[in-house]
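First residue of the sequence shown? That's 847 in the numbering used here, and the numbers climb one at a time after it.
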Amino acid sequence: MKPRHILSLADVSVDELKSILRIAEELKADFKKGVRPKRLDGKVLGLIFEKMSLRTRVSFEAGMTHLGGGSMLLEEQHIGLGKRESVPDVSRVLSSMVDCIVFRAKKHTTVEEFAKYSTVPVINALTDKSHPCQALADMLTIKEEFGSFDDVKIAWIGDSNNVAASLVEASAMLGVKIVISSPEGYRFSDAEIAEMTAQAQPGFELEQIADPTEAVRGCNVLYTDVWVSMGQESEEAKRKADFAAYQVNGDLMKAARPDAIFLHCLPARRGLEVTDEVMDSPQSRIVEEASNRMHAQKGLLVWLLEN
Ligand code: CP
Ligand code: NVA
């Protein structure tokens, strides 16, 4: 049987996405009671990272340990992916020894190639195109805050990047309204929007509003990310200038609904895309969101690997 790879949220149905979130909620409730069911006893997770990480690595490794399994970090310089050994050869060999592979890659196409040869599930842990595990945690955080998705309207402020893409995809699948506010030259194309919204459910609406103050009106989730993603360092000066009007600060938070929360996938560049005032405000949910990475991915791992 072909393994189930999770390279984007398009790889699960709407019902499957809801099941993953439900398992995550159950496991989080257990965890808070001090209970850590060993649902993946003896299973092994391999983690390949071609880029830096704090949250993704720690949340997968800690989560796998809670579930009774083990994990190992395989850094690029140790395995020499594509240099010492070809991507297909690494994939075939590694997948013969572990039960699941988490892969953070510079290029989305590398994860696709890797998955083609893997005999076990491969999970995208961030590429230039998407970050599905982040969106799982984001939706878990939003649901915890508001109880349901019915009255939620998200404003994405900044770059239409990998994190934004998965957030749009999750919003479409869960019927959540979202406004994207990005400067010209940093917006999703029509083709990208069509791909991200292929599984859109009733309630979903997508607007693109260039003016951030206009965009956040009526929104109760304000979300931003860095202006310069990993791998875009050479564009730093231009991006800082292009995104200058897109900072999430106290004034922008005030233009949103009074019950609005602030989210950021982290790491943040304080003083650029977001101010300290917002990061450290009572409206900020950044730590809850980061810790939900672990609960959301435990849900994903159990859904993928149990039985
Ligand atoms: N949000 C996120 O993926 O964080 P890391 O890059 O630290 O894993
Ligand atoms: N957009 C950022 C997200 C980091 C978690 C990046 O790709 O660097």
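The beta carbon of each residue, even a glycine, is placed where N, CA and C say it ideally should be.
Same chain, Cβ closer than 6 Å to residue i, five either side skipped, listed in chain order
i     : result
D887  : G914
E1053 : V1025
H977  : N1008, V1009, S1012
K897  : R950, M1076
T838  : Nothing about residue 838 can be read from this structure; the chain reaches only from 847 to 1153.
R1085 : W1073, V1074
G1049 : G1021
Q1143 : S905, F906, G909, C979
F1034 : S1006
E1082 : V1074
A1061 : A1001, V1025, S1027, I1055
S1127 : none
E991  : I1107
Own chain partners of residue i with C-beta closer than 7 Å, once the 5 adjacent residues on each side are dropped
i     : result
S1028 : G1004, D1005, S1006
S964  : P849, S937, S941, I947
T1070 : I1003, G1004, V1094, H1110, E1119, V1120
L920  : G892, L893, I894
K884  : L913, G914
H851  : D857, A961, P967, V968
Supposed contact pair residue j and residue i - C-beta distance, whole angstroms, cut 8 Å
i     : j     : result
K952  : G1077 : 6 Å
A1037 : A856  : Not confirmed; about 14 Å, so no contact.
K878  : L1151 : In fact, because the Cβ distance is near 23 Å, the residues do not count as touching under 8 Å.
F1108 : Q1093 : Contact flag wrong, Cβ pair sits at about 12 Å.
I1132 : L1146 : Not quite, the Cβ-Cβ distance comes to about 21 Å (not below 8 Å), so this is no contact.
W1149 : S865  : 6 Å
V944  : V966  : 6 Å
M1099 : A1106 : 6 Å
Residue environment, residue i, which counts as buried when at least 16 other CB atoms sit within 10 Å
i     : result
G892  : buried
P1104 : exposed
V904  : exposed
R868  : exposed
H924  : exposed
G1031 : exposed
L900  : exposed
R930  : exposed
M1042 : buried
A971  : buried
V881  : exposed
A1087 : exposed
Beta-carbon gap between residue i and residue j smaller than 8 Å
i     : j     : result
V933  : T956  : yes
H1141 : K874  : yes
L1068 : E958  : no
T1121 : N1138 : no
I1000 : K975  : no
E1135 : D984  : yes
A870  : L986  : yes
A961  : E1015 : no
V1124 : N1066 : no
Cβ shell of residue i (< 8 Å), same chain only, five flanking positions each side left out
i     : result
Q1047 : V860, A1018, M1019, L1020, G1021
I1039 : V1014, L1052
D1057 : S1027
E922  : I894, F895, E896
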